[in-house]
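Worksheet for the structure shown next.
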Amino acid sequence: MLTAKEIKRQEAIFELSQGEADLIEDLKLAKKAYHDPMLKLSIMTEQELNQIFGTLDSLIPLHEELLSQLRDVRKPDGSTEHVGPILVGWLPCLSSYDSYCSNQVAAKALLDHKKQDHRVQDFLQRCLESPFSRKLDLWNFLDIPRSRLVKYPLLLREILRHTPNDNPDHQHLEEAINIIQGIVAEINTKTGESECRYYKERLLYLEEGQKDSLIDNSRVLCCHGELKNNRGVKLHVFLFQEVLVITRPVTHNEQLCYQLYRQPIPVKDLLLEDLQDGEVRLGGSLRGAFSNNERSMGDYLF
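Under UniProt numbering, the first residue of the sequence shown is numbered 1, with each subsequent residue one higher.
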């Protein structure tokens with residue numbers, strides 16, 4: 001007879017195993033229902049599909065291996081005694097997620113661009129309306145590996161939470177959690193650097209004087225998003241680690257790029273004002289917000 005705590009532990013182990021099975025099925029579906037038909041019907045070129053799908057194919061065998069090992073140690077009654085040693089041995093292979101996750105910014109940008117093509121749009125819409133998609137679009141499927149990666153620490157902590165301290169699995173699970181946290185942190189760093197490079201490469205300068213070494217030396221893009229000025233012009237603002245860059249989205253060589261709207265502003269010269277939730281500052285403008293207003297220190301209000 002299993003204790004209530006052991007039942008919870010077995011449920012957590014089953015969730016880990018079933019999640020692997022679901023992931024494998026979804027990754028295979030992405031290739032079979034999206035990649036292969038679009039290639040066969042010449043809806044996209046092989047090069048475009050390689051950019052969008054990245055190394056997705058190479059991830060499937062990794063998860064098939066874990067699922068196989070988990071099933072091998074499952075007892076006839078469906079319970080599993082130990083998973084820690086399996087996870088400690090398997091988790092390091094997730095470092096190969098590096099290239100897949102680092103490619104996602106470029107993959108998403110290309111996919112969004114290709115959606116403007118009527119044939120691509122029509123194909124993806126038909127897939128979305130088909131039962132196999134479960135109302136998920138292609139990007140949802142392509143983002144599943146990243147979502148799974150960041151979920152592993154939570155899944156393993158849940159198993160550990162229901163594992164008694166005197167269970168041999170306890171120490172192995174703690175080690176496994178440390179391994180996956182390190183891998184996720186490393187991949188997050190490299191993915192962030194890849195995103196930063198991607199957008200830096202798509203900045204267009206109207207004049208040589210707009211170029212700034214603070215942009216060139218940036219390895220981290222803290223955040224970015226769309227704003228409008230007082231004339232309703234859409235602007236895209238990038239906050240790099242040491243400089244704020246205000247741009248205007250433009251199409252250049254059939255590619256979305258970002259043309260500098262004004263001189264980059266060093267972060268050290270920014271004056272940040274935290275508004276209360278729901279507070280609206282009337283009468284201002286984006287142009288006014290980013291002017292030095294004759295301040296002696298050259299501060300900027302954002």
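For each residue, glycine too, the CB sits at the ideal point set by N, CA and C.
It should be emphasised that the depicted structure is a prediction, and the values quoted were computed from it without experimental measurement.
Close CB contacts of PRO92 within its chain, under the 8 Å cut and outside five residues either way in sequence, are with ILE179 and ILE183 (chain order).
The Cβ neighbour count for PHE53, taken over all protein chains shown within 10 Å, is at least 16; the residue is labelled buried.
The beta-bridge partner set that DSSP reports for LYS234 consists of LYS228. Annotated three-state conformation of TYR258 is strand, per DSSP. For LEU154, the uninterrupted alpha helix (DSSP H) run begins and ends at 144-161, by DSSP. Checking the DSSP bridge columns, you'll see THR55 has no partner listed. DSSP links CYS223 through a beta bridge to LEU239.
Unbroken beta strand (DSSP E) stretches of 3 residues or longer found wholly inside the region 39-93: none. ALA12 sits buried, since 16 or more C-beta atoms from the chains shown fall within 10 Å of its C-beta.
Collapsing the DSSP output to three states places ARG202 in coil. Using a 10 angstroms sphere on the CB of ILE7, the tally of other CB atoms stays under 16, which defines it as exposed.
Using a 10 angstroms sphere on the CB of GLN276, the tally of other CB atoms stays under 16, which defines it as exposed. About 6 Å separates the Cβ atoms of LYS234 and GLU226, confirming a contact at the 8 Å cut-off. Here LEU173 carries a helix assignment [DSSP, helix/strand/coil]. Only buried fits PHE141, as 16 or more other CB atoms lie within 10 angstroms of its CB. Residue environment analysis places GLY84 among the buried positions, since at least 16 neighbouring C-beta atoms fall within 10 angstroms of its C-beta. DSSP places PRO266 within a strand segment (E or B) once states are collapsed to three.
Taking one beta carbon from each stretch, the region 195-204 and the region 252-269 have 3 or more pairs nearer than 8 Å; the two touch.
Sequence-distant Cβ neighbours of ILE215 in its own chain, meaning closer than 8 Å and more than five residues away, are LYS200, LEU203, PHE240, VAL243, VAL245 and PRO264. In this structure, GLN104 lies away from ARG161, with their beta-carbon atoms at least 8 Å apart.
The way I'd put it, the region 62-72 doesn't touch the region 117-127; fewer than three beta-carbon pairs between them come closer than 8 Å. Apart from sequence neighbours up to five positions away, the residues of its chain that approach LYS115 with a beta-carbon distance below 8 Å are GLN121 and LEU124, ordered along the chain. In this structure LYS31 touches ASP57 by the C-beta definition: roughly 7 Å separates them, less than 8 Å.
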